[in-house]
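Chains as they are written, first to last, in our numbering: chain A, 1 to 68; chain B, 69 to 421. Ideal Cβ placement from N, Cα and C applies to all residues, glycine included. Remarks on the structure that follows.
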């Protein structure tokens, strides 16, 4: 595998591109964490994260099988 | 009755001491004894080799090392001397050698900085990274001698060999800094400087905090993703302990803006600066955590234009090897001039001196 082809298909690039499409949901999630960031516990912002994750899955859909 | 008769043969002193000896111990850590191993050198070596095998990507992320190496060279130029033999300890891709071929920022017309340096011995553990730029033109302008080290914590040189030792952005991976610093002190000639720079303190605090918050929310706990680093306060003590004189320690922040958390992590990986803490979790960061961290980073630290700042805190240290005829600081209370008057005089005249 040459470096060029490897760079084009690196999973992290696809991940970044898909994550960038969900800035609305992402901002909502970030704001939820930030509202009280000294007291974060498990699933503090679970609902907001699920929305972000759903959006992320849709924008990643062609490669959905790669996301576990 | 039997037990009593046995006890009678044991001298009274041992008898009194025996129960104590079994419960309490007295231990001294001798200098040079193996210290706690925090970073995995094998892991670090692997990361550097892998990073350097993709030459193009590796060169693209030289921005930080080049800038820091250049600032380090400026500090070397502040010493008005010629250095026939200089060691670059932890040379990475010989960034110091390349930066020496550029003229000094203070005197752009004076020619390359390498005029003041004789031979530069660049030593590092990673062969691929060290020889990455060996065929570039700058190698002809400065006398570089590349040497591969077997361990980044041992300096295989005779005492009193070098006129200066430099180290740029590699000492933050050393487990046993006191020993390495005293070895550096040993290989220096008397009255010669050691000038080093390492990442410390709040380096990458944005990444650290975002990952911590993301992991707390997603997994309910935190694991190690960034290295523990030395603080400015520690460095002075370390240098002094290694036997250096006339210490100078100062701090410099370089803030780089990245489009997203992934670019930052990719760049760190291409630099060979990924996590190499022994206690780290095996395998990559969970995808949920990464996705959460991206947006927490944006909200908590992001710039107005949506980019993410990453702070690199550089700790510069200068120490001189002891020599009997070295200039010493004047005794306390012997000053004839108030520095306060001097500074206020400068302010009134509108100058910055």
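Exposure label - residue 25 of chain A; buried when at least 16 CB within 10 Å:
buried
What whole-angstrom Cβ distance do residue 357 of chain B and residue 275 of chain B have, given they're in contact under 8 Å?
Wrong, their Cβ atoms sit about 12 Å apart, outside the cutoff.
According to DSSP, is residue 389 of chain B helix, strand or coil?
strand
So, is the C-beta of residue 40 of chain A closer than 8 Å to a C-beta in chain B?
yes
Pick helix, strand or coil for residue 213 of chain B, following the three-state DSSP scheme.
strand
Should residue 156 of chain B and residue 189 of chain B be called a contact, given that it needs their Cβ atoms to be closer than 8 Å?
yes
If the criterion is Cβ atoms closer than 8 Å, does the pair residue 214 of chain B and residue 225 of chain B meet it?
no
Measure from the alpha carbon of residue 172 of chain B to the alpha carbon of each residue in B/143, B/196, B/282, then state which is nearest.
B/143
In or out: residue 405 of chain B buried (at least 16 other Cβ within 10 Å) or exposed?
exposed
Taking the alpha-carbon positions, what's the residue 320 of chain B to residue 19 of chain A distance?
33 Å
What residues of chain A sit near residue 422 of chain B, judged by a beta carbon separation below 8 Å?
Since the first and last residues shown for chain B are 69 and 421, residue 422 of chain B lies out of range.
Going by Cα to Cα distance, which pick from B/209, B/305, B/158, B/153 is closest to residue 235 of chain B?
B/158
Roughly how many angstroms lie between the CA atoms of residue 134 of chain B and residue 128 of chain B, to the nearest whole one?
11 Å
Name the DSSP beta bridge partners of residue 380 of chain B, please?
B/322
Grab me the residues of residue 387 of chain B's own chain with a C-beta within less than 6 Å of its C-beta, minus the 5 sequence neighbours each way, in chain order.
262, 307, 312, 315
Please report the residue range of the alpha helix (DSSP H) in which residue 192 of chain B lies.
Looking at the DSSP string, residue 192 of chain B is not in any alpha helix (DSSP H); the run it does join, the beta strand (DSSP E), is 185-192.
On the CB-based measure, 16 or more other CB atoms within 10 Å of its CB, does residue 233 of chain B come out buried or exposed?
buried
Please confirm if the region 321-334 of chain B is in contact with the region 240-249 of chain B, defined as three or more CB-CB distances below 8 Å between the two stretches.
no
Residues of chain B with CB closer than 9 Å to the CB of residue 24 of chain A, please, in chain order.
Within chain B, no residue comes near residue 24 of chain A; the closest Cβ sits about 10 Å away, beyond 9 Å.
At the 8 Å Cβ level, is residue 284 of chain B part of the contact set with chain A, yes or no?
yes
Drop a sphere of 10 angstroms on the beta-carbon of residue 29 of chain A, count the other beta-carbons inside from all chains shown, and report buried for 16 or more, exposed for fewer.
buried
Going by alpha carbons, who is nearest to residue 327 of chain B out of B/374, B/302, B/292?
B/374
For residue 232 of chain B, which residues does DSSP report across the bridge?
B/154
Under 8 Å by Cβ, that's how I've got residue 209 of chain B and residue 182 of chain B pegged, so tell me the actual separation to the nearest angstrom.
6 Å
What are the start and end residues of the alpha helix (DSSP H) that includes residue 246 of chain B?
245-255
So is residue 196 of chain B in contact with chain A if we call contact Cβ pairs under 8 Å?
no
Alpha carbon to alpha carbon, what distance is there between residue 111 of chain B and residue 361 of chain B?
25 Å
Start and end residues, alpha helix (DSSP H) containing residue 15 of chain A
11-20
I think residue 389 of chain B touches residue 258 of chain B, with their Cβ atoms under 8 Å apart; what is that distance to the nearest whole Å?
6 Å
For residue 149 of chain B, the nearest candidate out of B/184, B/385, B/140, B/338 (CA to CA):
B/184
So what's residue 314 of chain B in DSSP terms, helix, strand or just coil?
strand
Check distances from the C-beta atoms of the region 338-363 of chain B to those of chain A and list, in chain order, the residues that come in under 8 Å.
355, 356, 358, 359, 360, 362, 363
Who are the neighbours of residue 31 of chain A on chain B, taking C-beta pairs under 8 Å?
367
Residue 40 of chain A (DSSP reduced to helix, strand or coil)
coil
Under 8 Å, Cβ to Cβ, is there at least one residue of chain A near residue 334 of chain B?
yes
What does residue 51 of chain A touch in chain B if you count any residue whose Cβ is under 7 Å from its own?
Ordered by position in chain B, no residue passes the 7 Å Cβ test against residue 51 of chain A, which lies about 11 Å from the chain.
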